[in-house]
Every structure is written in C-alpha cells, then in structure tokens.
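A.B. asks:
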Amino acid sequence: MHTLFYFHESDIYPYEPIQPIWMIIYALLSLGFFYITNHMTKSNLKNNWLKQNTLLSFIHSTICSILILIAVLRAPEMFDDPLSHSNYFNYAVISFSIGYFFWDFFDCLQNSTLSTFPILIHHIIVITFLSQILLRTRNIGYGLYALSLEINSVFLHARRLLRWYSPVSSSIYYKNLLKLFIDTGNYITFIIFRFGVVLIALRALYLQRNRLEPITHLFTVISVCAIGILNIVLFYRLLKNQISQKTKLKDKKLIADQILIIDNDILLPS
Numbered sequence: 001m002h003t004l005f006y007f008h009e010s011d012i013y014p015y016e017p018i019q020p021i022w023m024i025i026y027a028l029l030s031l032g033f034f035y036i037t038n039h040m041t042k043s044n045l046k047n048n049w050l051k052q053n054t055l056l057s058f059i060h061s062t063i064c065s066i067l068i069l070i071a072v073l074r075a076p077e078m079f080d081d082p083l084s085h086s087n088y089f090n091y092a093v094i095s096f097s098i099g100y101f102f103w104d105f106f107d108c109l110q111n112s113t114l115s116t117f118p119i120l121i122h123h124i125i126v127i128t129f130l131s132q133i134l135l136r137t138r139n140i141g142y143g144l145y146a147l148s149l150e151i152n153s154v155f156l157h158a159r160r161l162l163r164w165y166s167p168v169s170s171s172i173y174y175k176n177l178l179k180l181f182i183d184t185g186n187y188i189t190f191i192i193f194r195f196g197v198v199l200i201a202l203r204a205l206y207l208q209r210n211r212l213e214p215i216t217h218l219f220t221v222i223s224v225c226a227i228g229i230l231n232i233v234l235f236y237r238l239l240k241n242q243i244s245q246k247t248k249l250k251d252k253k254l255i256a257d258q259i260l261i262i263d264n265d266i267l268l269p270s
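Under the UniProt record's numbering, think of the first position of the sequence shown as 1, with each following residue one higher.
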C-alpha cells in the first residue's frame, strides 16, 4: 500500500514532487517558441526593438492569461491550499513563463538602456522566485497567483500597441471605443491583479509563516515587496503618461482652434 507523504502536517494535499528535468524541458520549449516567434514577426525597420519586444510581451501575457484560466477551471481545488496543491499542468504553465522571462531578459540585455534596468531586476526576481517553486514542487498555487499579474500586462501592452499600430477598422468611433475598453481594463486589472495579488500574498505569508522554512519565507517576503514597489512605480508612470497625453491633446485642440480662427476669413471680425 502506497503511503502518502505530507510536506507539512497542516497540508491538505500530499507531497508529490515533480522531477526538475520537466522544468528545464518546458522552459526550453518556451524559449524556443519565443525565439521562433520573434524571427517570424520581426520587422526589417531599424530602431524597432521596443515595438518588437512589446509585441512578444503581449503574446506571452495573452497566452499566460489563457493558461491560468484553464488551470483554474481544471483544478479549482487549488484555492483550498495553494501551498501544497500541485499538478503537471500548473507546473508546465509556470515553466512556460520562466522560459519567456529568460528570453526577454537576454533580449533586454542585448538592447539595454537605462529604462530596461528595472525590467532586468524584475526578471531576475521572478525567475528566481518561480524556479525555487518548481525545484521544490511547493507553493505552485501561489506561483499562479503571481503570474496572474500577466492579465493586467495584456492591457498594458495592448495600450502601447494601439498607439503604434492602427486597428483593422478606420472608424474613429471604433478606435475611441477600443481605447476606452483598454484603458478601463488596464486600471481595473492593475488594481485587482497587481496591487490586490501583492496584498493577498503578504497576508498569506503572514498567516502561513509557520508552514514555510525561514529562508524561503524571508526570500518570498522580499520578492513580493520588491514586486510591490515596482508596481507602484509602474502605476505612477502609467498615470503620469495618461495625464501627459491628455495635456498634449488639449494643447493640440487649442492650437487647431487658433489656426481655424486665424485662417478662416469668415470668422474674423469685420
């Protein structure tokens, strides 16, 4: 008779470690996928790295969001105990993102500027955090919680791509409607998945501190706090950019009105 082993006495699910070789295989497949996708979608235009990198980030966040939704639908019981719950699908989802973050890290490193430095720090933290989860096959549920931030990234990247690429429809009404949808979704998902998930993680780390080794607990707390700080900086930049765009639009409208008054003889005083 097979005896079930529990990592901690308070665990709901038995400890069933997955061989780390699967993390390497899944991550390499993901790395290969983004390498091929990058070459298939790459433009011949110079100085186009940021657009290309954003497009690949959008593809990753979209796929990752869909996979997380599938993971939740396949195994909703993970919410009963995210710390001890594990399965191969959730393991593969996290490995997929590790592969992408490795690809994006080296891509940013090759095209490094001052603005990419926070991204490099973010990727180092995320890769280390997710890798230790898979190496120990523990805390996988909370790993998916962390990746749910990618749901907001879909809107963040879509917002940028919309400025660079025209939608299929040339209708101004359609463009404005799409922009409103993306902006609204961006702020809602930012608050829920970036600020909300960080708060949930900190609360869970406090309540379940006795179920984690001291070193793991300390590292996780530092990682979550670092991501939280980066999210605050990102939200500040988002608001600053939004206000800046509105100011520019008002200035353009004012200039256009002045030109209309000057150039139109009918509107000039007699």
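Backbone N, C-alpha and C define an ideal beta-carbon position, used for all residues, glycine too.
Would you kindly work out how many angstroms separate the C-alpha atoms of F134 and Y91, rounded to a whole number?
C.D. replies: Note that residue 134 corresponds to Leu in the displayed sequence, not to Phe. For L134 and Y91, the distance between alpha carbons rounds to 7 Å.
A.B. asks: My assumption, with CB atoms under 8 Å, is that I98 sits in contact with S131. Please give the rounded CB distance.
C.D. replies: 6 Å
A.B. asks: Classify H8 as helix, strand or coil using the three-state DSSP reduction.
C.D. replies: coil
A.B. asks: Just to confirm the assignment: which complete alpha helix (DSSP H) runs, minimum length 4, are found wholly within the region 175-221?
C.D. replies: 197-207
A.B. asks: Would you identify the three-state DSSP class for E77, choosing helix, strand or coil?
C.D. replies: E77 falls in the helix class under three-state DSSP.
A.B. asks: Give the range of the alpha helix (DSSP H) segment to which I21 is assigned.
C.D. replies: 21-41
A.B. asks: Tell me which same chain residues have a C-beta within less than 8 Å of the C-beta of V197, skipping the five on either side of it?
C.D. replies: Cβ neighbours of V197 within its own chain (closer than 8 Å, five residues either side excluded): Y145, A146, S148, L149.
A.B. asks: What span of residues does the alpha helix (DSSP H) with I140 cover, start to end?
C.D. replies: 140-147
A.B. asks: For a test of the three-state rule: what should DSSP assign to T62, helix, strand or coil?
C.D. replies: helix
A.B. asks: Go ahead and pull the three-state DSSP assignment for L134.
C.D. replies: Helix.
A.B. asks: According to DSSP, is H123 helix, strand or coil?
C.D. replies: DSSP places H123 in helix when its eight states are reduced to three.
A.B. asks: With a 10 Å radius around its C-beta and 16 neighbouring C-beta atoms as the bar for buried, classify G32 as buried or exposed.
C.D. replies: exposed
A.B. asks: What residue does the alpha helix (DSSP H) around S95 start on, and which one ends it?
C.D. replies: 88-110
A.B. asks: Taking DSSP as the reference, what is the three-state secondary structure of S171?
C.D. replies: coil
A.B. asks: Sorted by chain position, which residues of the same chain lie with C-beta nearer than 6 Å to H8's C-beta, five sequence neighbours on each side aside?
C.D. replies: Close CB contacts of H8 within its chain, under the 6 Å cut and outside five residues either way in sequence, are with R211 (chain order).
A.B. asks: Counting pairs of Cβ atoms below 8 Å between the region 176-196 and the region 150-160, do you hit three or more?
C.D. replies: yes
A.B. asks: Taking DSSP as the reference, what is the three-state secondary structure of Y236?
C.D. replies: helix
A.B. asks: In this structure, does DSSP put N48 in helix, strand or coil?
C.D. replies: coil
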